[in-house]
Amino acid sequence: MKYFPFAGIAFCAIIIISCFMPWAFYPDLQKTFNGFFSENQIYGKPGKYLIFFSICCIAGYVFKSKFLKAIGFFTSALMAAYAVKTFILFSSCYGAYCPVKKPAIVIMLSLSILNLILASSMAMVKRQVVKGH
Numbered sequence: 670m671k672y673f674p675f676a677g678i679a680f681c682a683i684i685i686i687s688c689f690m691p692w693a694f695y696p697d698l699q700k701t702f703n704g705f706f707s708e709n710q711i712y713g714k715p716g717k718y719l720i721f722f723s724i725c726c727i728a729g730y731v732f733k734s735k736f737l738k739a740i741g742f743f744t745s746a747l748m749a750a751y752a753v754k755t756f757i758l759f760s761s762c763y764g765a766y767c768p769v770k771k772p773a774i775v776i777m778l779s780l781s782i783l784n785l786i787l788a789s790s791m792a793m794v795k796r797q798v799v800k801g802h
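Heads up, the sequence shown is in our numbering, so the first residue is 670 and it goes up one at a time.
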């Protein structure tokens with residue numbers, strides 16, 4: 670429990686880094702997509718939203734305010750849902766072509782889900798104070 674905030678900050682930092690790494694290679698286009706590049710921006714720029722969600726989660730981990738912890742939990746849930754949507758979008762086959770998934774998209778998805786588990790476990794735990802010491 671003591672190291673949960675540090676783990677959450679590390680998860681969010683690695684998610685931010687993975688947005689800049691290659692996510693999928695599309696053999697028909699001979700191009701590699703990441704969180705900020707897709708052909709003619711057809712898939713948008715999901716890296717911007719994932720970075721925003723990660724920064725909100727980091728604020729929830731760093732500051733002791735109950736409100737910010739609740740915001741961090743809420744944004745970690747949004748980030749996990751958005752990561753699943755992005756993973757499906759970038760790795761789905763279309764026509765006769767299937768993109769080659771790169772490790773960064775799997776890292777982004779798995780750490781987003783781990784971040785949600787960590788934030789939910791932090792939100793459920795209450796601190797117990799022993800009186801008389």
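Virtual Cβ for every residue (Gly too), placed ideally from N, Cα, C.
Remember, predicted model here, so these are calculated numbers, not experimental data.
With 16 other CB atoms within 10 Å as the buried threshold, where does residue i fall?
i           : result
residue 768 : buried
residue 806 : Nothing can be reported for residue 806: it is not among the residues displayed for the chain, which extend from 670 to 802.
residue 730 : buried
residue 675 : exposed
residue 771 : buried
Tell me whether residue i sits in a helix, a strand or coil according to DSSP, three-state version.
i           : result
residue 705 : coil
Starting from residue i, trace the beta strand (DSSP E) both ways and give me its first and last residue.
i           : result
residue 695 : 693-695
Need the endpoints of the alpha helix (DSSP H) that residue i sits in, please.
i           : result
residue 724 : 715-731
residue 742 : 735-760
residue 675 : 673-688
residue 780 : 772-793
Candidates the options: which alpha carbon is nearest residue i's?
i           : options               : result
residue 756 : 688, 800, 724 and 790 : 688
residue 763 : 746, 717, 696 and 705 : 696
residue 775 : 674, 760, 717 and 726 : 760
Based on DSSP bridge pairs, tell me the residues matched to residue i.
i           : result
residue 763 : 766
residue 700 : 695
CB of residue i to nearest heavy atom of the ligand FMN: below 7 angstroms?
i           : result
residue 750 : In terms of ligand content, the structure shown is empty, and the ligand FMN therefore cannot be addressed.
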